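For the sequence shown, my numbering assigns the number 4 to the initial residue and increments by one for each residue that follows.
Virtual Cβ for every residue (Gly too), placed ideally from N, Cα, C.
Small disclaimer: the values here were computed from a predicted structure and weren't measured.
One structure is given below, encoded as structure tokens.
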Amino acid sequence: YADFLEIPIYINSEGPVNSINPPWDLTYPDEETRKDAYGDWMQRRSRDTPLEIIPVDLKFPHPVRGVLYISDRRVPDVSTAGAVDLYQKRMFVCEGNRTVLPLWAKFVRGVIDSPAYNLTAARDNVQEDMVYSEIRDALGILIIDALLNLAKEDPTRFQRILRWHHYQIKGMAVEFDEFFDAIADSMVFEVSL
Numbered sequence: 004y005a006d007f008l009e010i011p012i013y014i015n016s017e018g019p020v021n022s023i024n025p026p027w028d029l030t031y032p033d034e035e036t037r038k039d040a041y042g043d044w045m046q047r048r049s050r051d052t053p054l055e056i057i058p059v060d061l062k063f064p065h066p067v068r069g070v071l072y073i074s075d076r077r078v079p080d081v082s083t084a085g086a087v088d089l090y091q092k093r094m095f096v097c098e099g100n101r102t103v104l105p106l107w108a109k110f111v112r113g114v115i116d117s118p119a120y121n122l123t124a125a126r127d128n129v130q131e132d133m134v135y136s137e138i139r140d141a142l143g144i145l146i147i148d149a150l151l152n153l154a155k156e157d158p159t160r161f162q163r164i165l166r167w168h169h170y171q172i173k174g175m176a177v178e179f180d181e182f183f184d185a186i187a188d189s190m191v192f193e194v195s196l
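Here you go:
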């Protein structure tokens with residue numbers, strides 16, 4: 004809850020135990036260093052090993068900053084959704100929100116911060132309004148673009164992710180023609196004769 008407070012927090016003389024500044028508020032000399040820093044931060048925070056880091060720095064349709072990552076955890080349940088911790092202006096809102104990402108993004112986790120979110124009256128979640136829907140759609144496009152770029156730039160890593168999360172990625176390919184066209188040659192789709 005206090006991870007992004009600008010005051011360091013010490014527990015039993017150890018610390019600071021809070022991040023103080025989220026990694027997306029820091030500057031990096033290049034994109035590779037930025038992705039490494041995001042990955043290290045997410046691994047400390049979630050104890051997952053990110054297979055791929057997706058920096059979030061959206062300005063349109065609403066400002067959203069943060070980091071998404073493709074989890075190394077297999078998703079055994081088809082009804083499970085991707086989980087994202089939500090912040091609004093550095094204030095913690097909720098942990099593990101399972102509706103802010105598109106339904107097909109079951110293999111994605113992360114942390115995002117947006118001043119555009121409208122909070123519920125209890126301030127423990129975001130309202131599922133037009134802003135929410137527009138951000139969810141923009142995050143979906145960002146994930147697809149990151150995977151398409153990975154397929155072009157690093158086909159070996161892309162294949163590893165395909166093997167790890169093949170059911171969810173195939174579902175995404177069925178829903179999005181452009182994504183299917185981009186990965187169809189890279190995946191094996193089982194068919195019955």
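### Query
Out of curiosity, what's the CA-to-CA distance linking D51 and E131?
28 Å
### Task
Tell me whether Y72 sits in a helix, a strand or coil according to DSSP, three-state version.
strand
### Under 9 Å between C-beta atoms of I146 and L106
no
### Message
For the structure I just gave you, are there three or more beta carbon pairs, one from the stretch 148 to 161 and one from the stretch 122 to 140, closer than 8 Å?
### Response
no
### Query
Going along the chain, which residues of its own chain have a beta-carbon closer than 8 Å to the beta-carbon of P11, five neighbours each way excluded?
G18, P19, N21, I23
### Query
From G69 to A108, what does the alpha carbon distance come to, in whole angstroms?
16 Å
#### Entry: CB of S195 within 9 Å of CB of Q162, strictly
no
### Query
Where do the ends of the alpha helix (DSSP H) carrying I146 lie?
133 to 156
#### Entry: Reduced DSSP category for M94 - H, G, I as helix; E, B as strand; rest coil
strand
### Task
Taking P66 as the reference, give the member of D116, A176, E156 with the closest Cα.
D116
#### Entry: Cβ-based neighbour list, R160, same chain, cut-off 8 Å, excluding 5 preceding and 5 following
L54, E55, L153
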